[in-house]
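As structure tokens, the structure follows; a few thoughts come after it.
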Amino acid sequence: MSYKFLKQREENDCGIAVSTMLINYYQNKNFGIEEIKFDNSLGDEMLSLYDIESLLFKYKVEFVSYSCNFKELCQIEITNPIVLNVVNKNNQEHFIVAYKRNKDMFLIADPNCDDLKWISLNNLEKIYQGYLSTTKSIQKLEFKTKGIFNWFTFIKIFKKEVLLIFSISFLLNILFLISNNFIKIYMDNINIKDSRLMKIIFITFISIFAIQISINYSMNKIIYRIKSKISQNIYNLYKNKLLKLDIEKFNSFSKEEWIKKLTYINIMSEFITQTTISIPLGTILFLMSSIFLLLISPFILSLVLVQNLISITISVGLFYLMKELKMRKERKILEFSLNYRQIIDGFEEIKYKGIEEETKYSNHKTYKENIEVNNNLFNLNNKSEMTFDLVSKLFFYLIFYISVIYINDNKFSVADLLFYTSLSNYINNFFSNITNFILELQEIFIADRSLKFIFEDRKNDSVVSISSIDKIEAKNIYKYKSDNCLLKDFSFTFNKSTFVHGKSGSGKTTLLKLLSGNFKSYEGEIIINEKHNLKEVENKSYLEKSIYLGQYDYLFNGSVWKNIQQFKNKVDLDILKKLHLLEILDRNNISLDKEIFDNASNLSKGQRQIVNFISLFFTNKELYLIDEPLSNVDKHTAYFLFKAFINYKKNSLIIMCDHDIAYANFFEKKVEVL
């Protein structure tokens with residue numbers, strides 16, 4: 001395996017640079033820093049050893065850290081790359097990769113340097129901080145290189161339309177070439193004094209132009225409709241796949257990332273129509289134009305092709321130059337969007353706390369980073385356009401110079417030259433489209449990566465369907481998020497309605513969410529009805545029988561009445577009257593007809609909780625998981641509502657957590673989360 005090196009560009013990038021080098025080394029790839037950041041939704045923060053370990057594990061690389069003094073380090077035989085914790089020139093924490101040792105010299109990859117270098121034991125001892133991490137490959141990953149081809153499934157249903165377009169295009173291309181022959185014919189017949197013949201020539205070509213324009217208009221309309229339908233089909237699949245995601249997968253992306261993914265749909269629909277219709281159509285016209293030009297002058301055709309091949313070579317080089325920059329641009333746009341959304345969402349808090357200046361500074365910083373990336377891209381694009389123009393003009397004058405020689409030697413006429421000019425436009429336009437396509441490839445790859453989840457088939461190892469939920473047993477449950485332990489060694493049997501209490505941060509909410517069946521990544525076992533491990537239970541059968549209500553549950557746009565119905569439940573109005581729920585709503589100034597918007601920003605926290613809690617009365621579940629549902633409601637109303645609920649749902653298993661220990665009186669069992 002070849003030794004990999006990457007130079008960090010940002011102050012905090014040493015952790016991600018080291019990780020990327022190790023991924024490239026073990027998986028024999030050439031990922032860039034920005035590529036790994038983008039694929040793993042990483043920001044510009046410094047990675048800790050734990051972060052590096054978690055990241056490398058995704059790429060099947062084992063990373064284990066140890067405390068190790070320098071004397072012990074000198075005795076280690078390096079068979080696989082090791083990562084050393086050192087300090088940089090500014091005396092800040094830093095990571096380097098040591099690939100091998102030769103006597104008293106180490107071959108290292110320091111992301112702060114420009115390349116691999118050898119360092120002596122003496123110099124290494126001065127910067128070594130007493131920690132190292134060993135690495136090894138867990139398994140060789142097979143990266144899906146054909147993922148981009150999945151998108152062509154969206155064009156299959158338009159086979160007839162595409163075939164029609166190509167048939168029409170063949171006729172249209174002939175008309176293009178005939179119409180471009182107008183100048184040649186006109187020049188050849190310019191000395192003819194027969195006005196009738198000249199009229200026929202003009203009328204013929206005007207008719208051809210008219211037919212050409214109308215056919216072209218109709219064809220563009222068909223292509224646009226195909227593209228629009230493809231966008232619609234991609235969106236429908238996107239929406240369906242999104243709603244089928246588990247909560248943990250959804251939460252692995254920010255809201256800004258999910259919204260940004262929508263913009264990628266148009267990029268992919270454009271890519272599909274471009275590669276299956278526009279480019280093939282251009283190829284046909286290019287080939288036909290080349291044949292005609294070949295008949296005029298093979299030498300001039302070769303010059304035209306050389307000119308455009310040079311442009312394509314330049315565009316390929318630019319693609320690799322701009323690859324990392326474009327990924328960085330996407331990340332910075334998301335960071336700016338997140339920062340700006342905080343201003344919108346937290347506007348009142350900003351005013352109340354008087355932190356306008358701090359907010360402006362933070363927002364300006366992300367905006368400035370965006371401008372910097374855009375400036376770099378603009379400079380590259382500007383230089384590339386100048387290069388393309390230079391090549392184009394150089395060959396333009398060269399070809400005309402040669403043409404003058406050919407005309408003087410009577411090898412072809414001025415009319416042929418004019419005809420060549422019109423033909424070369426089609427050839428140049430074709431290559432210009434190819435060049436632009438190459439330069440836009442990175443945006444296409446980014447869009448493909450961002451939307452790849454719509455082609456992922458969910459592995460369904462859950463094969464057990466349950467008919468009821470009578471008993472839940474939690475055995476030694478641990479739940480981690482990054483290096484934080486959210487729930488530690490919890491065991492309990494829930495066979496009767498149970499009140500859960502504990503200190504803030506002890507894991508009460510985490511426990512209820514795990515019991516909801518929406519989270520599968522935890523250690524330990526959750527056994528349903530003394531038979532089935534929750535991880536093996538079919539999600540649909542479990543979720544149909546259970547419901548989770550948090551203290552900040554979302555309220556949708558619509559009336560209070562529709563939210564109580566949850567847009568699908570049949571509501572028995574007699575229950576509202578019988579249990580005095582209408583009185584509760586009225587006493588708390590909540591009208592059933594009141595329109596809710598923006599997650600009920602026009603209701604108080606207590607009113608929101610009342611609406612959400614009352615909606616539970618009209619659900620028919622065997623398991624209710626309730627997390628501080630009435631914490632912002634006055635005690636009298638809260639106790640009244642909960643007593644009514646627990647009596648009404650006495651045949652269901654109710655598990656509730658709250659800081660108000662008085663609720664324990666409503667339950668048969670209680671348990672503390674430590």
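For the sequence shown, counting from 1, position 445 maps to 445 in UniProt numbering; every step adds exactly one. Glycine included, every Cβ here is placed at the ideal spot set by N, Cα and C. None of the values given here were measured: they were computed from a predicted structure.
### Query
For S137 versus Y66, is the C-beta spacing smaller than 7 Å?
no
### Message
If I follow the unbroken alpha helix (DSSP H) through L549, where does it start and stop?
### Response
No alpha helix (DSSP H) contains L549, which is instead part of the beta strand (DSSP E) from S546 to L549.
### Query
N589: which of K531, F63, Y542 and Q607 sits nearest, CA to CA?
Q607
### Task
Kindly indicate the opening and closing residues of the alpha helix (DSSP H) around L585.
L581 to R587
### Task
Mind reading off the beta-carbon distance from I477 to F494? Whole number of angstroms is fine, and I expect it under 8 Å.
Actually they are not in contact, since the Cβ atoms of I477 and F494 sit about 12 Å apart, beyond 8 Å.
### Query
In chain order, what residues of the same chain lie with their CB nearer than 6 Å to the CB of E628, ignoring the 5 residues before and after it?
If we look at E628 and ignore the five residues flanking it on each side, its Cβ neighbours are Q551 and D658.
### Task
Whole angstroms is fine: what's the gap from V304's alpha carbon to L439's?
A direct Cα-to-Cα measurement between V304 and L439 gives close to 21 Å.
### Query
Do you know whose CA, among K58, K7 and D51, lies nearest Q139's CA?
K58
### Task
Taking only the alpha-carbon atoms, compute the straight-line gap between I427 and E372 and give it to the nearest angstrom.
36 Å
### Query
Beta-carbon separation of L573 and A644 under 7 Å?
no
### Query
What separation, rounded to the nearest whole angstrom, lies between the Cα atoms of K100 and P81?
7 Å
### the stretch 392–407 touching the stretch 281–295, judged by at least three CB pairs closer than 8 Å
Taking a cut-off of 8 Å on C-beta distances, the stretch 392–407 does not touch the stretch 281–295, as fewer than three cross pairs fall below it.
### Task
Would you grab the beta carbon distance between F63 and E72 for me? Rounded to a whole angstrom, and I think it's under 8 Å.
So it is not a contact: roughly 19 Å between Cβ atoms.
### Task
Have a look at L132 and I76 and give me their C-alpha separation to the nearest angstrom.
Taking the straight line from one Cα to the other gives about 11 Å.
#### Entry: Ranges of the alpha helix (DSSP H) found wholly within the UniProt domain "Peptidase C39" (8–135), counting only runs of at least 4
Along the length of the UniProt domain "Peptidase C39" (8–135), whole alpha helix (DSSP H) runs at least 4 residues long occupy 14–27, 33–39, 49–58, 70–75 and 121–127, reported in chain order.
### Message
Could you tell me which whole alpha helix (DSSP H) segments of length 4 or greater appear in the stretch 477–525?
### Response
508–515
### Query
Whose C-beta lies closer than 7 Å to the C-beta of L398 among residues of the same chain, with five residues either side of it excluded?
L303
### Task
Name the residue from Q232, I168, I655 and S231 whose alpha carbon lies nearest to the alpha carbon of I215.
I168
### Task
Compute the Euclidean distance between the alpha carbons of K160 and K452, then round it to the nearest angstrom.
28 Å
### Task
Measure from the alpha carbon of L116 to the alpha carbon of each residue in Y3, L390 and Q129, then state which is nearest.
Out of Y3, L390 and Q129, Y3 has the C-alpha closest to the C-alpha of L116.
#### Entry: Segment limits, beta strand (DSSP E) that includes V537
V537 -> no beta strand (DSSP E), and no H or E assigned at all.
### Message
What would DSSP say about E161, mapped onto helix, strand or coil?
### Response
helix
### Task
Could you say which of T134, I148, T135 and I213 lies nearest to N173 if we only look at CA atoms?
I213
#### Entry: Anticipated Cβ contact below 8 Å, Y238 with I265, distance rounded
7 Å
### Query
Smallest Cα separation from T134: which of I96, C113 and N122?
I96
### Task
Go through its chain and collect everything with a Cβ distance to V18's Cβ below 8 Å, but skip five positions before and after it.
So the qualifying residues of the chain are I52, V83, F95, I96, V97, A109 and P111.
#### Entry: Cross-strand partners of G558 (DSSP beta bridge)
I596
### Message
In the DSSP output, what is V464 paired with across the bridge?
### Response
V537
### Task
Report yes if the CB atom of I226 is closer than 7 Å to the CB atom of F158, and no otherwise.
yes
### Query
So what does DSSP say about Y3, is it helix, strand or coil?
coil
### Query
Going by other Cβ atoms of all chains shown within 10 Å of its Cβ, with 16 needed for buried, is G517 buried or exposed?
buried
#### Entry: Start and end residues, alpha helix (DSSP H) containing V391
E356 to N408
### Message
With H, G and I counted as helix, E and B as strand and the rest as coil, what does DSSP make of S137?
### Response
Assigned with DSSP and collapsed to three states, S137 falls in strand.
### Task
Under 8 Å Cβ to Cβ from K545, same chain only, skipping five residues before and after it: list those, please.
Excluding positions up to five away in sequence, the list reads I466, S468, I469, K621, E622 and L623.
#### Entry: Whole-angstrom C-beta distance between I343 and residue 678, which should lie under 8 Å
Shown here, the chain extends from 1 to 674; a query on residue 678 therefore has no answer.
### Task
Might you give, ordered along the chain, the residues of its own chain that have their beta carbon closer than 8 Å to the beta carbon of I222, omitting 5 neighbours on each side?
E161, L164 and I165
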